[in-house]
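Worksheet: the structure to be examined is printed underneath.
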Amino acid sequence: MTHSLARLALAAFLAALGFLLPTLLGGSTLVYDTLVAIAIFAAMSYGLDVILSDLGEISLVHTAFFATGAYAAAILTVTYGFGAWTALAGAVLAALLLALVLGVITLRTREFAFSLVTYAAAVVCMNVASNWDFLGGSDGIVGIPPLDLSIGPIELTAGRSAEFWPFAYLLLLLTLYVVHRFRRSRLGQAALMVHMNPRLATMCGLDGNRIRLQVFLLSAVISAAAGWLYAFQRAYVGTDLFETYFLVLMLTGVILAGRRILLGPLLGTALLLSQKSFASLGAYGDKLVLGVVLVAVLCLCPRGLASLWPKVRGFTRRPAQSQSQSPAAADAAPTEIPAASTRHA
Amino acid sequence: MLSRRSVLAGLASAPLVPAFARAADPIKVGLIIPLSGGAGRQGQDVTHAVQGMAALINESGGVLGRPVEILVRDDESTPAIGVAKANELAAAGVAVVLEGWNSPVTLAMQSVLARAGILDITMISKADAILASASNPLAIRLNSANVQDAAIIAQYLGSKTRRARIVFVTENDAYGNGAQQGIEAEFKKAGLDYTIAQTLKFPFPQTDFRVEITSIRDAKPDYVISINANEGAGLPAFLQQYAQGQVGVPVICTVGTVGPSVIETTGKAANGLHSADIYFPETEPFASNPENKRFVAQMQKQFKTEPDKFMALGAASLQVWAKAAAKAGSLERKAVAGAIRGQEIPGTIFGTVRFEPNGQMQHRHFVFTVKDGKIVVES
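In order, the protein sequences belong to chains A and B.
At position 59 of the first sequence the residue is numbered 1512 (the numbering used here), and the sequence of numbers has no breaks.
At position 238 of the second sequence the residue is numbered 259 (the numbering used here), and the sequence of numbers has no breaks.
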């Protein structure tokens, strides 16, 4: 009880600290812009993270869910004049509908075939958006109003990045909470079993396809919610939302820190966007850095940068341990690392 | 020892020092354009042109007595990056942003800059929505509009034949689709009996057109209209592959897509193609325009290059803004926009220019053919 209260207090402290981060970093517009982008794109990446980490599949259609959230927000506010709350409900419903259709089609396949089919689905979605006037065609939809989530007398509006920060941060926290709860839920445990040991899952009476579809729906809603907020922040949606920029951002964000780590996509996205904002080497230089980092991570630590942590910790503790432990005990310690780290491979 | 009078005098004069420093501080002008990827080379040329014009403006005393400093950012032809760079420049305190090669990037940046209260001048992007967007009621664009370009293409084709089969090879985005719609509308308006034998759409980065060229040959058209703004890679690739394919049907490129850099990259394959444009540094009325002569000399002196249309538009954007700010006596967004939209501005690279009330600059078009690797202006 005391332990869980302490953890809750620590989480609350970290959440409050995170909220104050822009101020602690100087509070410049650039800091706010970067942190708002990190929060939104990290939330977007968690949608893919759930599929990649918990179902073990690489979905290439999650840009379509992100775009669906953004397009729903744009159409409902610009074309029909609805408010941001209705737009959020519309974004969630539209993403659920699209995920249901795509899930039924794509989740029959596995691994490489799944990736290929989801990529094809993303291309189809992009072409539909480019050529359907209802979605703005190739021009996209301009003139999305500033975010207004006011409830009665409580004014909750945002136009500029500093004003967007509380909303983007809240979205990120909610996303973290949902992913955390999901992984501890019956669905999350079942998804992991379906992924890690499908035969055992079947023997336990689990319907693999149904569980995969449920996880797919959840992941679509997460990415769509991020797209909804992004539409208000950018005030314009277009077919570029389907492009590889966002897909690469999602995939790299998830892979960089490591799979099935709650803060992984956030750290990965933060690393990528911070480099671009504060230490940019120009377009070619940034792409070179991204390529080198990706190759290095995938070749040297395929389970992500976080997998280095036990080794670093072991390295820093070794001198102290070598004084207190017997040679046998010291030799035994490293063998625990791969055993622990292969748990989710 | 300090006397009370000297301390008071010091305190009284203290605010004057920073005030004087502020007056001499450079005015920051943002420039957002692709510096990498397919349009990277053209973006770098435009950057040089803007920097060249900034040097000329600074030589003449700057804007409102202050020098101009250009802050350049690469949008990588990606709207999301354009938005990030627009925010970055807003944070840097720029007075104006000159932007726009790709229409989707311009559309994405417009509202961000408008919300930040920064004047946004579109140099090149052509989508109609740029001037129609409610999110930027003070839009300004220097490049010719799709509708203006469409009229000159229809006029040129109409002078050749009144009945023909046409194939469009169209970039599938805001610019390409808008341009094609405009040309088709102008065909109807001019009463031309043209059949659209086929429309072949392709994504902006595409460089392999062999499938499309086979389809063109099968469609047996009288003219091929190419709408391809990827001047750095896609258009030269198409023209080279088209020449290799020996289709033998005349190609008309949409207005402003064939600059000297395209002809140089394309080589012999560019010979025979037709297009139209709004600026030729060595042709009248530009050749005798003192402002243009000064700009051309500056480009040759500073960068050892001859400006093309895109470079002229970039430089003219800065020049128009500087003249409007001087006329308004302010750097404030609405005041400067008011001195441009619906107004006439004399003494620019393009001579005396007129802006429509919606912010669109008016142009005169010149039709040309490429012969022996050179642009030969017909009218």
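For every residue, glycine included, the Cβ atom is placed at its ideal position computed from N, Cα and C.
In the segment 180-212 of chain B, which residue ranges form an unbroken beta strand (DSSP E) of at least 3 residues, counting only runs that do not cross its ends?
Runs found: 184-192.
In whole angstroms, give me the CA-to-CA distance for Thr1788/A and Gly1757/A.
Against the first sequence, residue 1788/A aligns to sequence position 335. Against the first sequence, residue 1757/A aligns to sequence position 304. Summary for Thr1788/A: the model assigns pLDDT 34, below 50, so the residue's position carries little reliability, and this model does not support an answer.
Would Asp393/B count as contacting chain A if we go by Cβ distances under 8 Å?
By 1-based counting over the second sequence, the position of residue 393/B is 372. No, Asp393/B lies away from the interface with chain A (no Cβ there is under 8 Å from its Cβ).
Looking at the C-beta of Gln381/B, does it have a partner C-beta in chain A at a distance below 8 Å?
The count along the second sequence starts at 1 and reaches residue 381/B at position 360. No, because no Cβ of chain A sits closer than 8 Å to the Cβ of Gln381/B.
When you compare the CB of Arg136/B with every CB in chain A, is at least one pair closer than 8 Å?
Working through the second sequence from its first residue, we reach residue 136/B at position 115. Chain A, which has a Cβ nearer than 8 Å to the Cβ of Arg136/B, makes this yes.
Is Lys344/B buried or exposed, if buried means 16 or more other CB atoms sit within 10 Å of its CB?
As a position in the second sequence, residue 344/B is number 323, starting the count at 1. Classification for Lys344/B: buried.
Between which two residues does the alpha helix (DSSP H) harbouring Phe1494/A extend?
Taking the first residue of the first sequence as position 1, residue 1494/A is located at position 41. That run of the alpha helix (DSSP H) goes 1482-1502.
Is any beta-carbon of chain A found at less than 8 Å from that of Leu140/B?
Here residue 140/B corresponds to residue number 119 of the second sequence, with the count starting at 1. Not one chain A Cβ lies under 8 Å of Leu140/B.
So, is Gly1585/A buried or exposed, given that buried needs 16 or more other C-beta atoms within 10 angstroms?
Along the first sequence, one-based indexing puts residue 1585/A at 132. Note on identity: in this sequence residue 1585/A is Trp, with Gly being the wrong assignment. Exposed.
Chain B partners of Leu1501/A, CB-CB under 9 Å?
Position 48 of the first sequence, counted from the start, is the residue given in the question as residue 1501/A. Those do not exist, as Leu1501/A stays about 17 Å from chain B at its closest Cβ, beyond 9 Å.
Would you say Asn193/B lies against chain A (beta-carbon separation less than 8 Å)?
The residue given as residue 193/B occupies position 172 in the second sequence. Asn193/B counts as touching chain A.
Residues in the same chain with beta-carbon distance under 7 Å from Ser156/B, minus the five sequence neighbours each way, listed in chain order, please.
Against the second sequence, residue 156/B aligns to sequence position 135. The answer, listed in chain order, is Gln131, Ser132, Ala135.
Suppose the cutoff is 7 Å on Cβ atoms and the five residues either side in sequence are ignored; what does the same chain contact list for Leu1555/A look like?
Numbered from 1 along the first sequence, position 102 holds the residue referred to as residue 1555/A. These residues qualify, in order along the chain: Val1514, Ala1574.
Which value, in whole angstroms, describes the spacing of the CA atoms of Ser1775/A and Gly1711/A?
For this step, residue 1775/A is matched to residue 322 along the first sequence. For this step, residue 1711/A is matched to residue 258 along the first sequence. In this prediction, Ser1775/A scores a pLDDT of 49, lower than 50, which makes its location untrustworthy; the coordinate-derived value is nonetheless stated afterwards. One C-alpha to the other measures close to 30 Å.
Would you call the segment 93-102 of chain B and the segment 357-366 of chain B in contact, with 3 or more CB pairs under 8 Å?
The segment 93-102 of chain B, when compared against the segment 357-366 of chain B, does not touch it at the 8 Å Cβ threshold.
State yes or no: is the beta carbon of Ile246/B nearer than 8 Å to at least one beta carbon in chain A?
On the second sequence, residue 246/B is found 225 positions in, with the first residue counted as 1. Closer than 8 Å: no.
I'd like to know whether the C-beta of Ala1582/A is nearer than 8 Å to at least one C-beta of chain B.
In the first sequence, counting from the first residue as 1, residue 1582/A sits at position 129. No, its Cβ sits nowhere closer than 8 Å to a Cβ of chain B.
Should the segment 1661-1669 of chain A be called in touch with the segment 1638-1645 of chain A, which here means at least 3 C-beta pairs below 8 Å?
Flag = yes, the segment 1661-1669 of chain A and the segment 1638-1645 of chain A touch.
Shorter than 8 Å from the beta carbon of Val1593/A to some beta carbon of chain B?
Locating residue 1593/A in the first sequence gives position 140, counting from the first residue. The residue asked about is misnamed: residue 1593/A is Gly in this sequence, not Val. Output row for Gly1593/A: interface = yes.
Using a Cβ-Cβ cut-off of less than 7 Å, give me the residues of the segment 85-112 of chain B that come near chain A, in sequence order.
Those would be Asp95, Glu97, Thr99, Pro100, Ala101, Val104, Ala105, Asn108, Glu109, Ala111, Ala112, in chain order.
For Ala1547/A, collect the residues of the same chain with a Cβ closer than 6 Å to its Cβ; drop the 5 residues on either side in sequence, then sort them by chain order.
Here residue 1547/A is taken as the residue at index 94 of the first sequence, counted from 1. Once the five neighbours on either side are set aside, the close Cβ partners of Ala1547/A are Thr1521, Ala1525.
Does the beta-carbon distance from Lys325/B to Gly280/B come in below 8 Å?
As a first step, residue 325/B must be located in the second sequence, where it is residue number 304. As a first step, residue 280/B must be located in the second sequence, where it is residue number 259. Taking 8 Å as the Cβ cut-off, Lys325/B and Gly280/B do not qualify as a contacting pair.
Whose CA, out of Cys274/B, Gly58/B, Met144/B, lies closest to the CA of Ala70/B?
Here the question's residue 70/B lines up with position 49 in the second sequence. It is Met144/B whose Cα lies nearest to the Cα of Ala70/B.
When DSSP labels each residue in this structure, what does Lys1729/A get in the three-state scheme?
Here residue 1729/A is taken as the residue at index 276 of the first sequence, counted from 1. Helix, per DSSP.
Looking only at its chain, what residues have a beta carbon closer than 6 Å to the beta carbon of Ile1714/A, apart from the 5 residues adjacent to it on each side?
As a position in the first sequence, residue 1714/A is number 261, starting the count at 1. Only Ala1759 meet the Cβ criterion.
Show which residues of chain B have a CB atom less than 9 Å away from the CB atom of Tyr1698/A.
Stepping through the first sequence from its first residue, residue 1698/A is reached at position 245. The answer, in chain order, is Glu97, Thr99, Pro100, Ala101, Ile102.
So does the segment 281-296 of chain B actually touch the segment 307-315 of chain B, counting three or more Cβ pairs closer than 8 Å?
Flag = no, the segment 281-296 of chain B and the segment 307-315 of chain B do not touch.
Buried or exposed, going by whether 16 or more other CB atoms sit within 10 Å of the CB of Leu52/B?
Residue mapping note: residue 52/B aligns to position 31 of the second sequence, counting from 1. Buried: at least 16 other Cβ atoms inside 10 Å.
Where do the ends of the beta strand (DSSP E) carrying Tyr1683/A lie?
Within the first sequence, the letter at position 230 stands for residue 1683/A. Careful: Tyr1683/A lies outside any beta strand (DSSP E), inside the alpha helix (DSSP H) at 1661-1687.
For Val1458/A and Arg354/B, I'd like the C-alpha separation in whole angstroms.
Against the first sequence, residue 1458/A aligns to sequence position 5. Against the second sequence, residue 354/B aligns to sequence position 333. According to the sequence displayed, residue 1458/A carries Leu and not Val. Going from the Cα of Leu1458/A to the Cα of Arg354/B covers about 54 Å.
Does the distance from the CB of Ile187/B to the CB of Ile234/B come in under 8 Å?
By 1-based counting over the second sequence, the position of residue 187/B is 166. By 1-based counting over the second sequence, the position of residue 234/B is 213. No, these two residues do not count as a Cβ contact at 8 Å.
According to the neighbour-count rule (16 or more other Cβ atoms, all chains shown, within 10 Å of its Cβ), is Met1656/A buried or exposed?
The sequence position of residue 1656/A within the first sequence is 203, counting from 1. With fewer than 16 other Cβ atoms within 10 Å, it is exposed.
Check distances from the C-beta atoms of the segment 218-243 of chain B to those of chain A and list, in chain order, the residues that come in under 7 Å.
Those residues of the segment 218-243 of chain B that come within reach of chain A (Cβ to Cβ, closer than 7 Å) do not exist; the list is empty.
Using C-beta distances below 8 Å, list every residue in its chain close to Gln219/B, excluding the 5 sequence neighbours before and after it, in chain order.
Taking the second sequence and counting its residues from 1, one reaches residue 219/B at position 198. Excluding residues within five positions, the ones whose Cβ falls inside 8 Å are Val188, Phe189, Ser236, Ile237, Ala240, Pro242.
With respect to the alpha helix (DSSP H) encompassing Ser1568/A, which residues constitute its N-terminal and C-terminal limits?
By 1-based counting over the first sequence, the position of residue 1568/A is 115. Taken as a continuous stretch (DSSP letters only), the alpha helix (DSSP H) holding Ser1568/A covers 1564-1584.
Would you give the residue range spanned by the alpha helix (DSSP H) that Gln321/B belongs to?
By one-based count along the second sequence, residue 321/B stands at place 300. Run containing Gln321/B: 311-324, per the alpha helix (DSSP H) assignment.
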